[in-house]
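Asks:
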Amino acid sequence: MNILLSIAFVGAWSSGFIGAKLGSGSAPAVTLLMWRFLPLALVLGIVALTATRASWRGLTPRDLLRQAAVGALSQSGYLLTVYYAIELGVSSGTTALIDGTQPLVAGALAGPLLGLPASRTQWLGLGLGVTGVAVVTAADAGAGTGVAWWAYLVPFLGMLSLVAATFLDRRSRTDVRPMVSMTVHAVTSAVVFTGLAAATGTVAPPASGSFWTAVVWLVVLSTFGGYGLYWLILRRSGVTKVNTLMFLMAPVTAVWGALMFGEPFGTQTVVGLALGLLAVAVVHRGDRDDRHDRVRDRHGHHRDDQDGQQPADPGPFTPRRSAWRRARSSSPRPERPVRATPTAGPGSG
């Protein structure tokens, strides 16, 4: 069952990039995103007023404002850059690979921003991931598609928006349930994209069937399928399994885009994607070794306590812990907790 859920999750989450490609030829990015989020915000708003009212108790206006800011970064800012890049002609696979470097970048920046030192394996993984992105981007740019060079910088802005959302979310010590955060993010994005569409005169949707096919695709497959399976696997298998699956999105999207839209997929693309997967393996192995060392250290500290000695100071930074996060996994929580936000990726919102 876990294997089937993992396959379904990778397919549903990757479908966000494909849905963006489907709709890019029929309407501007802001129009597609506006009509994607309006029905989603309406449905989630009704659910919030009826079935999940208890989840909102205890939240202050400041908590909701923070969640709105996280949603503006991880949904509005990120998805706008993804859709705009694909609209400009950047392949869906290249966009997905650039997006996939977000956990590596966040882990490397945890040291200077949160006082959590990055290990050598994290830096090595980041270097491999960036190299893979460079190789795939060069292959995409050299395929003769006529895409402007600066268009490849647009997905990087979205990736950095995700990183900013990750750190903003991690600095909060308030427990916010997934359905609450998803609702706030969706409503925020609906307001943002409706405002942008109104300002640019692109509110009216086109009459083409491909546009509405893309909207249904994104809402059903990418949002409810991708996001729902994300939390299901997260609770059943833990965050390590989910993060590992997230890095499969780039190769799956690249193959899907090549088959469905004829996007470039040559030897250079394969090499770049392989480097990206190698980066994941390196970081995953390093994190596993770190967890093993921490467990061993805790056992050593326990023995020291029995001898009358005090354990070492854990440091000035204490990661935010949440009751629902603790309930989903019995594995030890890493001391370097910076990872992708639950809303990361086109399949999330």
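Residue 90 in full-length UniProt numbering sits at position 90 of the sequence shown, and the numbers go up by one each step.
Where a beta carbon is used, it is the ideal one built from N, C-alpha and C, also for glycine.
Here the structure is a predicted model, which means the values were calculated and not measured.
Return the chain-ordered ranges of every alpha helix (DSSP H) run that is complete within the segment 198-237 and spans a minimum of 4 residues.
Replies: 209-216, 226-237
Asks: For TRP256, which residues of its own chain have a beta-carbon under 7 Å away from its beta-carbon, when the five flanking residues on both sides are left out?
Replies: SER14, ILE18
Asks: Mind listing, in chain order, the continuous alpha helix (DSSP H) runs of no fewer than 4 residues lying wholly within the UniProt domain "EamA" (3-137)?
Replies: 29-50, 61-71, 78-88, 92-100, 102-114
Asks: Considering only C-alpha positions, which residue in the set ALA279, THR213, THR188 is nearest to PHE37?
Replies: THR188
Asks: Whose C-beta lies closer than 8 Å to the C-beta of THR200 among residues of the same chain, with five residues either side of it excluded?
Replies: Excluding sequence neighbours, THR200 sits near PRO28, VAL30.
Asks: Is it the case that the Cβ atoms of THR174 and THR60 are separated by a distance below 9 Å?
Replies: yes
Asks: Return the chain-ordered list of same chain residues with a C-beta closer than 7 Å to the C-beta of SER322, the five sequence neighbours on each side being excluded.
Replies: Confidence in SER322 is poor, its pLDDT being 36 and thus under 50, which makes the residue's placement too unreliable to answer from.
Asks: Once DSSP output is grouped into helix, strand and coil, what is the label at ALA148?
Replies: coil
Asks: So the alpha helix (DSSP H) THR253 belongs to, where does it begin and stop?
Replies: 249-261
Asks: Closest to ALA96 by CA distance: which of VAL215, ALA250, LEU5 is it?
Replies: Checked all of VAL215, ALA250, LEU5; the closest Cα to ALA96 is ALA250.
Asks: Taking contact to mean 3 or more Cβ pairs, one atom from each stretch, closer than 8 Å, check whether the segment 71-83 and the segment 158-168 are in contact.
Replies: Segments in contact, yes.
Asks: For my contact list, THR269 and ALA254 are in at a C-beta cut-off of 8 Å; report their separation, rounded to the angstrom.
Replies: 6 Å
Asks: In angstroms, rounded to a whole number, what distance separates the CA positions of VAL147 and PHE265?
Replies: 16 Å
Asks: So, using beta-carbon positions, are GLY23 and PHE247 closer together than 9 Å?
Replies: no
Asks: Would you report the Cα separation of TYR84 and VAL70, rounded to the nearest angstrom?
Replies: 20 Å
Asks: Just to confirm my understanding: we take VAL163, look at its own chain, exclude 5 residues before and 5 after, and list those with CB closer than 7 Å. What are they?
Replies: GLN102, VAL105, ALA106, LEU109
Asks: Taking ALA68 as the reference, give the member of THR183, GLY16, ALA54 with the closest Cα.
Replies: THR183
Asks: Taking C-alpha atoms, which residue in SER91, ALA12, ILE46 lies nearest to GLY262?
Replies: SER91
Asks: Considering only residues of the same chain and omitting the five flanking positions on each side of ALA165, which have a CB-CB separation below 7 Å?
Replies: VAL70, LEU73, SER74, THR341
Asks: So VAL135 and LEU275 are in contact, right, with Cβ under 8 Å, and what is the actual spacing, rounded?
Replies: The distance from the Cβ of VAL135 to that of LEU275 is about 6 Å, consistent with a contact at the 8 Å cut-off.
Asks: Which residues in the same chain have their Cβ closer than 7 Å to the Cβ of PRO205, if we skip the five residues on either side of it in sequence?
Replies: ALA27, THR31, TRP35, PHE211
Asks: Can you tell me whether ARG57 is buried or exposed? The criterion is at least 16 other CB atoms within 10 Å of its CB, across all chains shown.
Replies: exposed
Asks: Quick one: Cα of TYR227 to Cα of THR121, how far?
Replies: 29 Å
Asks: On the DSSP letters alone, give me the boundaries of the alpha helix (DSSP H) that LEU153 sits inside.
Replies: No alpha helix (DSSP H) contains LEU153, which DSSP labels as neither H nor E.
Asks: CB ALA151 to CB GLY89, shorter than 9 Å?
Replies: yes
Asks: Taking the straight line between their C-alpha atoms, what separation do you get for LEU128 and SER119?
Replies: 14 Å
Asks: Looking at PRO39 and VAL191, is the spacing between their C-beta atoms short of 9 Å?
Replies: No, the Cβ-Cβ distance between VAL191 and PRO39 is not below 9 Å.
Asks: If I measure Cβ to Cβ from VAL219 and keep anything under 8 Å in the same chain, skipping five residues before and after, which residues do I get?
Replies: ARG36, PRO39, LEU40
Asks: Please list, in chain order, all residues of the same chain as LEU5 whose beta carbon is under 7 Å from its beta carbon, the five residues on each side excluded.
Replies: Closer than 7 Å at the Cβ level, and outside the excluded window around LEU5, lie LEU229, LEU232, ILE233.
Asks: How close, in whole Å, do the beta carbons of ILE98 and ALA20 come, if the pair is a contact with beta carbons under 8 Å?
Replies: Not confirmed; about 14 Å, so no contact.
Asks: State yes or no: is the C-beta of THR81 within less than 9 Å of the C-beta of GLY272?
Replies: no
Asks: Between the alpha carbons of GLY125 and MET260, how many angstroms are there, rounded?
Replies: As the crow flies, the alpha-carbon of GLY125 is around 31 Å from that of MET260.
Asks: Does the Cβ of SER181 have 16 or more other Cβ atoms within 10 Å, making it buried, or fewer, making it exposed?
Replies: SER181 comes out buried.
Asks: Using a threshold of 9 Å, state whether the C-beta atoms of THR8 and GLY225 are closer than that.
Replies: Reading off the sequence, residue 8 comes out as Ala, not Thr. Contact: yes.
Asks: Using the Cα positions of SER222 and GLY11, report the straight-line distance between them to the nearest angstrom.
Replies: Distance between the alpha carbons of SER222 and GLY11: 9 Å.
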